[in-house]
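Residue numbers (the numbering used here): 17 to 114.
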Amino acid sequence: MNKLLISIAKIPIYQPRFSFNKVLKDKDKGDEKQFFSKEDQKLMSKLIKKMKEANEHPQASTSNSQEDKDELQKIFSRYKVNYTDAMIEEILNWKKSD
């Protein structure tokens, strides 16, 4: 029995010199970077396409709509504010510039 215990105690514990764990983590990080780079590229191309379309087709209506003018007149009337058409135009133009 003593011989068996002595021989078990002398068995060296295996410790690998090289671990694939780090290699796999590095590969995963590389794959992740590559995936997100492709996704970013797709999103940027869509954004550029939208910007080109917006430049090709500018807003047709540069003047203020009658609906907006009517709404502003209602607000002024509710608070009993004296207003002119020029004042309404200036306020609507200011709002559009935001």
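C-beta atoms are modelled at their ideal positions from N, C-alpha and C, and glycine is treated no differently.
| message | What residue range does the alpha helix (DSSP H) around Asn109 cover? | response | Along the sequence shown, read from residue 1 onward, the residue named residue 109 stands at position 93. In the DSSP assignment, Asn109 falls within the alpha helix (DSSP H) that extends over Asp101 to Ser113.
* Val39 to Asp47, Cα distance in whole Å? -> Reading the sequence shown from its first residue, position 23 is the one you call residue 39. Reading the sequence shown from its first residue, position 31 is the one you call residue 47. A straight-line Cα-Cα distance of about 12 angstroms links Val39 and Asp47.
Residues in the same chain with beta-carbon distance under 6 angstroms from Tyr99, minus the five sequence neighbours each way, listed in chain order, please. By 1-based counting over the sequence shown, the position of residue 99 is 83. The residues Phe92, in chain order, have a CB closer than 6 angstroms to that of Tyr99 in the same chain once the five nearest residues on each side in sequence are set aside.
Subject >> Asn80 in three-state terms, based on DSSP >> reply: Within the sequence shown, the letter at position 64 stands for residue 80. In this structure, Asn80 counts as coil in the three-state DSSP scheme.
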